[in-house]
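Under the numbering used here, the residue at position 8 of the sequence shown is numbered 44, and the numbers go up by one with no gaps.
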Amino acid sequence: MSKTVVIVDEHLFNKLLGKLDHLNEKIDSINVAKNDGFKDKWYVTEEVCKLLNVSRRTLQNMRDNQTIKFRKAGRKIYYKARDIEEYLESISCRTVDEAV
């Protein structure tokens, strides 16, 4: 079995990689749309940072510590609105309990 070597210009190669990244993002968005439970409202990282008034790094720590639930599709991370609400309720309950 013989193998063929193809030499491609660096500019064309980078253009091809860009198109592959674009296709991958499209596929990821399709997978997210078909995923079970994705009929509810979902947020991306930037939106959750604004909602919780935290930095991206803090949100990363929250994911690492399993403080907040998330799903990953490709390179995108999604947070279910219901999970964000539950988190907010849990911290407001702690605040009320601490005040009593």
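Glycine included, every Cβ here is placed at the ideal spot set by N, Cα and C.
Owing to the predicted nature of the structure, the values given are computational and were not obtained by experimental measurement.
### Message
Since ILE104 and VAL80 should fall inside the 8 Å C-beta cutoff, what is the C-beta to C-beta distance between them, to a whole number of angstroms?
### Response
To locate residue 104, count along the sequence shown from 1; it is residue 68. To locate residue 80, count along the sequence shown from 1; it is residue 44. So it is not a contact: roughly 13 Å between Cβ atoms.
Coarse secondary structure for VAL80, derived from DSSP in three states:
For the purposes of this step, residue 80 is taken as residue 44 along the sequence shown, with counting starting at 1. In the structure shown, the three-state DSSP call for VAL80 is strand.
So, are the CB atoms of VAL84 and TYR115 less than 8 Å apart?
For the purposes of this step, residue 84 is taken as the residue at position 48 of the sequence shown. For the purposes of this step, residue 115 is taken as the residue at position 79 of the sequence shown. Judged by beta-carbon spacing, TYR115 lies within the 8 Å limit of VAL84, meaning their Cβ atoms are closer than that value.
* Asked: Using DSSP with H/G/I as helix, E/B as strand and the rest coil, what is ARG111?
  -> Working through the sequence shown from its first residue, we reach residue 111 at position 75. Coil at ARG111, not helix or strand.
- [ ] May I ask which residues mark the beginning and end of the alpha helix (DSSP H) holding THR94?
- [x] For the purposes of this step, residue 94 is taken as the residue at position 58 of the sequence shown. 92-100 is the extent of the alpha helix (DSSP H) around THR94.
Contacts around TYR123, its chain only, beta-carbon distance under 6 Å, and the 5 residues preceding and following it disregarded = Translated into the one-based positions of the sequence shown, residue 123 becomes position 87. Correct list, in chain order: ILE104.
Legend entry - Those residues which DSSP pairs with LYS55 across a bridge: In the sequence shown, counting from the first residue as 1, residue 55 sits at position 19. Bridge partners of LYS55 according to DSSP: none are assigned.
Decide if LEU59 is buried, meaning its Cβ has at least 16 other Cβ atoms within 10 Å, or exposed.
Numbered from its first residue, the sequence shown carries residue 59 at position 23. Label assigned to LEU59: exposed.
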